[in-house]
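Contents: one structure, followed by commentary.
There are 2 protein chains.
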Amino acid sequence: MTLPTPLEIRPVHGIGDVTAGDDLAELITRAAPWLADGDVLVVTSKIVSKAEGRLVEVPADGPEREEARQRVLAGETARVVARRGNTTIVQTRHGFVMAAAGIDASNVDKTHLVLLPEDPDASARALRAGFAARGLDVAVIVSDTMGRAWRNGLTDVALGAAGISALLDHRGRFDPYGNELSLTQMAVVDELSAAGELVKGKTDRVPVAVVRGYSHDGGVGDGPGVSILIRDAESDMFGLGTSEARAAGLHSAATLADTPPAVPPLAAPVDPVAVRAARDAVAGLLTAVVRETPGGLRLTPSSDTPAALIRLGTEAHRLRAALAAEGVPTGLAIDDSGTTLTFGVPT
Amino acid sequence: MTLPTPLEIRPVHGIGDVTAGDDLAELITRAAPWLADGDVLVVTSKIVSKAEGRLVEVPADGPEREEARQRVLAGETARVVARRGNTTIVQTRHGFVMAAAGIDASNVDKTHLVLLPEDPDASARALRAGFAARGLDVAVIVSDTMGRAWRNGLTDVALGAAGISALLDHRGRFDPYGNELSLTQMAVVDELSAAGELVKGKTDRVPVAVVRGYSHDGGVGDGPGVSILIRDAESDMFGLGTSEARAAGLHSAATLADTPPAVPPLAAPVDPVAVRAARDAVAGLLTAVVRETPGGLRLTPSSDTPAALIRLGTEAHRLRAALAAEGVPTGLAIDDSGTTLTFGVPT
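Chains as they are written, first to last, in my numbering: chain A, 202 to 548; chain B, 202 to 548.
Below is the structure:
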C-alpha cells in the first residue's frame, strides 16, 4: 500500500498588522517564501478590507457607538432578510446573506468597524495579479466567517475567488453503478475556505492559509469568481425569514385589493408601534369609522345600507389580519351597530 | 522562516464495495495501514449506511420507482420545510434539514435507495470503538453532502462525530485588540467534513479522508457528537421556506378565531384542489351560504339582521384570504344582498 499524496494546508504566520495601502501580495510572499505555483491561498477578508481601507470610524463605546453601527449597517444592507432580538440577517450589496452585513468589530481597534471588501472577486483578482507579478501562479480565495440556516456554529466560506472555479460540476458524469450524477455541483471554494480556517483560528493572527496539492481547473484564468454562488432572492427558497414571511402573508391578507393582489412588501416591525402600523396598513382601505376603546378598537359603518354593513365586516377582518401581522392578536365581537376588536396578548 | 507544520488531508483508496454487515474499521485499517493516533477520519455516510444495511429495495425505473421513492421519503420525513417543483426540503427524524431527507440513489445499484444512518453519532462512536479495539485513538466524523440556503453549490458537512467536539468555542476569548469574541463558535466538524470532501470526489470511490495534524480537544471522549449542531425549528429563523411561511400567514389570517388565535399549521398545497382546500379551511367559520358561480363564489347572509350582514363581510374576507393562501387571488364585489368573489389568475 503506497502512501497517498496528501493535500496540505499550511498556516502563514508573521504577516502582522495590515493597514490601508499595504501590498498584501508583498506581505504574504515575505511571510511565506515557500509559496509555489498551484497553491491555493485562502485569505481572510479582514486583511483585504484593511489593506483596501474599508474601515469606518465609530465611537469606542456608549449608545453613540450602537447608533453609528446601525447607520453603517443600513449603508451595507440591500434588504433585511430576517430579524430576531439583536440579530439582523441581511442581504449585502454583493448579494451575500450574512448577520450584520459582515460588519466586524473584532481584530480591529475599538474606534473602527471593518466592512467587507467592495468587490471581493475583484480583490481576489488583484491579489492574484500581485502574485503573478512576482512569478507565482496561484489561486486566491477571499474568505469570511458566516452562520447558516438550520445548523449551529459558523464556518468559513468564500466571498471572492480568482484562478479557480467556484463550482466543481459533476453533472453528466456517472457513478460506478451507471447512475448519472444529476444534482452534484460542489462549492469547492467554500470547502477550501473551511479547510483554511482549520489552521487559522480567530485570535492568533493567522489571516492566510495555503492549500497545496489541490488539483483544480487551472485553465480558467481568473474565472467568474464567487459571484456565481450567489442565489438571487427569487430562486432562493429561503429568501426571507420564516416569521418575516409569515407576517408578510398576514399583511397581504389584510391588504387584499378588490382586484387580484400582488405580493406586498415585508410587514413593518412589530410593537410598540404595532397598532399604529396595522391601522396605517389598511387605512386607505377602510370606509368604516374606527375609534380607540380601552384595550381595543370599535368599528361603525359609514352608512346603514346592507352593502355598507357587509363592507364593514370585510374591513374589520382586514384590520384584524393587519394587527395579527404586527403581532397583535384580537378577539372579535359583532353587534347590530358595528364590531369591537379586543387586543390579545401576543403568544 | 521555518516551514510551518501543515495539516494533511489524505484520501483512503482501495476500500472497495461495502455491504451490509461489513466491519468498516477493518476495511479502513486494511486500506490505510498508515493510520495513526490523533488522526481525524472523515467517513462518507453512504458506506456507513451500507454497512448498517440502511438500504431499501425499489423498482429500477418507471412510475413505480418514483412512487416507492415518495413512500420512502415520507417515512424519513419529520416535517416538510420547503417544496418547489421536484425539490422537497425536509427535516429528517434526526433533525437535519436536507433535500429529500438525504435519501440517495447514487453509488448504489438501481434497485436500491440508501437512507441516512439511523443514528450517525452512534455510528461514529461505534466506528471509533472499532479503531480503539485495534489500538488506534482516532476521531471519527460521518459526513454527507448538503445544499444550503442562499448559496449555490453543495458542501460536505458532518452528520455524526465521536472523539472530537463539534463546536470550537471562542466565546469569552479576546482578540489582540482586547475585543471579546462574543459570537464565535466554529462548527469545526463541518469544516473538517468539507476539507475531507476535497480529496474524495463523487465517483472515484474514495469514501474516507484522513485529516492529520489537526489539534483538537482530544479529552472529550466520544463527546456529544453532531446533535449539538442541530437547531430546533423554534430557534431557527429559517425553519420554514419563505413561500410556505407566507402561505401559512395568509392561512392564519383566513382562520383567525374570534378569540386570540394560535399559529396554524402549514397551508395545504395549492392547485388544482386549491379552491376546495380554501373552502374547507374556513368551512367551520362560515355562517353565510356559499354558492359556486362561473369563475367565482357567491356569498349570501344566513339572515337579514345587521349583525348577520357584518358577519357575512368578515366571512367573505376570511374566504378571500384562504383562497390567496392557496394561490387563488380573488376580486370582490359587494351589493345589498351579498358578495361575489371572482377568481383571478395566480401571479
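Heads up, the beta-carbon is just placed ideally off N, CA and C, and yes, glycines get one too.
Being a predicted model, the structure only gives us computed values, none of them experimental.
Worksheet item: Taking 8 Å as the CB-CB limit, is Lys311/B close to chain A?
Response: Here the question's residue 311/B lines up with position 110 in the second sequence. True, the Cβ-Cβ gap to chain A drops below 8 Å.
Worksheet entry | Cα-Cα separation between Ile511/A and Gly545/A, rounded to whole angstroms | Counted from its first residue, the first sequence places residue 511/A at position 310. Counted from its first residue, the first sequence places residue 545/A at position 344. Approximately 25 Å between the Cα atoms of the pair.
Discussion item. If distances are taken between C-alpha atoms only, which option among Asp481/A, Asp437/A, Thr540/A and Pro318/A comes closest to Asp305/A?
Written reply: For the purposes of this step, residue 305/A is identified with residue 104 of the first sequence, where counting begins at 1. Of the candidates Asp481/A, Asp437/A, Thr540/A and Pro318/A, the residue whose Cα lies closest to the Cα of Asp305/A is Pro318/A.
Discussion item. So for Glu398/B, helix, strand or coil by DSSP?
Written reply: Within the second sequence, residue 398/B is the residue found at index 197, counting from 1. Here Glu398/B sits in helix by DSSP.
Discussion item. Determine, for Val518/B, whether the minimum Cβ-Cβ distance to residues of chain A falls below 8 Å.
Written reply: As a position in the second sequence, residue 518/B is number 317, starting the count at 1. A small fix is needed here, since residue 518/B is His in this sequence, not Val. Yes, because at least one Cβ of chain A sits closer than 8 Å to the Cβ of His518/B.
Worksheet item: Cα separation between Pro209/A and Met438/A?
Response: Working through the first sequence from its first residue, we reach residue 209/A at position 8. Working through the first sequence from its first residue, we reach residue 438/A at position 237. Correcting the residue type first, residue 209/A is Glu in the shown sequence and not Pro. Spanning the two alpha carbons is a distance of roughly 36 Å.
Worksheet item: Would DSSP call Ala454/B helix, strand or coil?
Response: In the second sequence, residue 454/B corresponds to position 253, counting from 1. Three-state result, Ala454/B: helix.
Item to complete: Verify whether the separation of the beta carbon atoms of Val411/B and Leu242/B is less than 8 Å.
Response: For this step, residue 411/B is matched to residue 210 along the second sequence. For this step, residue 242/B is matched to residue 41 along the second sequence. In this structure, Val411/B places its C-beta atom within 8 Å of the C-beta atom of Leu242/B.
Item to complete: Check the Cβ of Thr506/A against every Cβ in chain B and list those closer than 7 Å, keeping chain order.
Response: Counted from its first residue, the first sequence places residue 506/A at position 305. Contact of Thr506/A with chain B by beta-carbon distance below 7 Å involves Asp537.
Item to complete: Check Gly532/B in the structure and name its three-state DSSP category.
Response: Mapped onto the second sequence, residue 532/B falls at position 331. It is a strand residue.
Discussion item. Tell me the rounded alpha-carbon separation between Arg372/B and Ala350/A.
Written reply: Start at 1 with the first residue of the second sequence, and residue 372/B comes out as number 171. Start at 1 with the first residue of the first sequence, and residue 350/A comes out as number 149. So the alpha carbons of these two residues sit roughly 20 Å apart.
Worksheet item: What residue ranges within the region 240 to 276 of chain A form continuous alpha helix (DSSP H) runs of no fewer than 4 residues, ordered along the chain?
Response: Segments of the alpha helix (DSSP H) lying fully in the region 240 to 276 of chain A: 246 to 252.
Item to complete: Can you give me the start and stop residues for the beta strand (DSSP E) that Arg211/B sits inside?
Response: Translated into positions along the second sequence, residue 211/B becomes position 10. Secondary structure note for Arg211/B: its beta strand (DSSP E) is the uninterrupted segment Leu208 to Val213.
Worksheet item: Can you tell me whether DSSP reads Ile290/A as helix, strand or coil?
Response: Against the first sequence, residue 290/A aligns to sequence position 89. Residue state, collapsed to three classes: strand.
Worksheet item: Quick one: does Leu314/A have its CB under 8 Å from some CB of chain B?
Response: Locating residue 314/A in the first sequence gives position 113, counting from the first residue. At least 8 Å separates the CB of Leu314/A from every CB of chain B.
Worksheet entry | Supposed close pair Gly442/A, Leu451/B - CB separation, criterion 8 Å | Working through the first sequence from its first residue, we reach residue 442/A at position 241. Working through the second sequence from its first residue, we reach residue 451/B at position 250. Gly442/A to Leu451/B, Cβ: 17 Å. No contact.
Worksheet item: Ala508/A to Leu498/A, Cα distance in whole Å?
Response: As a first step, residue 508/A is located in the first sequence; it is residue number 307 there, counting from the start. As a first step, residue 498/A is located in the first sequence; it is residue number 297 there, counting from the start. Note on geometry: alpha-carbon atoms of Ala508/A and Leu498/A lie some 21 Å from one another.
Discussion item. I'd like to confirm the pairing. Which residues does DSSP put opposite Val341/A in its beta bridges?
Written reply: Numbered from its first residue, the first sequence carries residue 341/A at position 140. The secondary-structure analysis by DSSP pairs Val341/A across a beta bridge with Leu242/A and Ala363/A.
Worksheet item: With a cut-off of 8 Å, do at least 3 Cβ pairs link the region 250 to 269 of chain A to the region 360 to 372 of chain A?
Response: Look at the beta carbons and you see the region 250 to 269 of chain A not touching the region 360 to 372 of chain A: under three pairs across the two are nearer than 8 Å.
Worksheet item: Would you report the Cα separation of Thr277/A and Val259/A, rounded to the nearest angstrom?
Response: As a position in the first sequence, residue 277/A is number 76, starting the count at 1. As a position in the first sequence, residue 259/A is number 58, starting the count at 1. Correcting the residue identity first, residue 277/A is Glu in this sequence and not Thr. In a straight line, the C-alpha of Glu277/A is about 15 Å away from that of Val259/A.
Practice prompt. Tell me where the alpha helix (DSSP H) around Glu227/A begins and ends.
Written response: Residue numbering aside, residue 227/A sits at position 26 when the first sequence is read from its first letter. Going by DSSP, Glu227/A is part of the alpha helix (DSSP H) stretching over Leu225 to Ala232.
Worksheet item: According to DSSP, is Asp322/A helix, strand or coil?
Response: As a first step, residue 322/A is located in the first sequence; it is residue number 121 there, counting from the start. Asp322/A: helix per DSSP, three-state reduction.
Worksheet entry | Exposure of Asn196/A, with buried meaning 16 or more beta-carbon neighbours within 10 Å | Because residue 196/A is not part of the residues shown, which for chain A are 202 to 548, the question remains open.
Worksheet entry | Span of the beta strand (DSSP E), counted from its first residue to its last, around Leu500/A | Taking the first sequence and counting its residues from 1, one reaches residue 500/A at position 299. Run containing Leu500/A: Gly497 to Thr501, per the beta strand (DSSP E) assignment.
Worksheet item: In chain order, what residues of the same chain lie with their CB nearer than 8 Å to the CB of Pro408/B, ignoring the 5 residues before and after it?
Response: As a working mapping, residue 408/B is identified with position 207 in the second sequence. Closer than 8 Å at the Cβ level, and outside the excluded window around Pro408/B, lie Val213, Ile216, Val219, Val244, Thr245, Lys247, Ile248 and Lys401.
Worksheet item: Using a Cβ-Cβ distance under 8 Å, would Phe332/A count as near chain B?
Response: On the first sequence, position 131 is the one that residue 332/A refers to. It does not: the Cβ of Phe332/A has no partner Cβ on chain B nearer than 8 Å.
Worksheet item: Quick one: what does DSSP say Gly303/A is sitting in, helix, strand or coil?
Response: Counting from 1 along the first sequence, the entry for residue 303/A is found at position 102. Gly303/A falls in the helix class under three-state DSSP.
Practice prompt. Determine whether the Cβ of Thr376/A lies closer than 8 Å to any Cβ atom of chain B.
Written response: Residue 376/A sits at position 175 when you count from the first residue of the first sequence. It should be noted that the sequence gives Asp, not Thr, for residue 376/A. Yes - at least one Cβ of chain B is within 8 Å of the one on Asp376/A.
Worksheet item: How big is the Cα-Cα spacing for Met299/A and Met347/A?
Response: The count along the first sequence starts at 1 and reaches residue 299/A at position 98. The count along the first sequence starts at 1 and reaches residue 347/A at position 146. Using only the alpha carbons, I get a separation of about 6 Å.
Worksheet item: Could one say the Cβ of Thr245/A lies closer than 8 Å to chain B's Cβ atoms, at least one of them?
Response: The residue labelled residue 245/A in the question sits at position 44 within the first sequence. Judged by the 8 Å Cβ criterion, Thr245/A is not in contact with chain B.
Worksheet item: Do the CB positions of Leu256/B and His313/B come within less than 8 Å of each other?
Response: The sequence position of residue 256/B within the second sequence is 55, counting from 1. The sequence position of residue 313/B within the second sequence is 112, counting from 1. Cβ atoms of Leu256/B and His313/B: closer than 8 Å.
Fill in: For Leu500/B and Val529/B, the rounded distance between their alpha carbons
Working through the second sequence from its first residue, we reach residue 529/B at position 328. Working through the second sequence from its first residue, we reach residue 500/B at position 299. Rounded to whole angstroms, Val529/B to Leu500/B spans 17 Å at the Cα level.
Fill in: 7 Å Cβ shell around Ala396/B - same chain, five flanking residues per side excluded
For this step, residue 396/B is matched to residue 195 along the second sequence. Ile210 and Val412, listed in sequence order.
Worksheet item: Using 8 Å as the limit for Cβ to Cβ distance, is Val389/B near chain A?
Response: The residue given as residue 389/B occupies position 188 in the second sequence. The beta-carbon of Val389/B is placed less than 8 Å from the nearest beta-carbon of chain A.
Practice prompt. Compute the distance between the beta-carbons of Gly426/B and Ala478/B, then report whether it is under 8 Å.
Written response: Taking the first residue of the second sequence as position 1, residue 426/B is located at position 225. Taking the first residue of the second sequence as position 1, residue 478/B is located at position 277. Annotated as distal: Gly426/B and Ala478/B, with beta-carbon spacing of 8 Å or more.
Fill in: Neighbour-count burial assignment, Arg285/A, 16 or more Cβ in a 10 Å radius
Looking up residue 285/A in the first sequence gives position 84. Taking all protein chains shown into account, Arg285/A has fewer than 16 neighbouring C-beta atoms within 10 Å of its C-beta and is therefore exposed.
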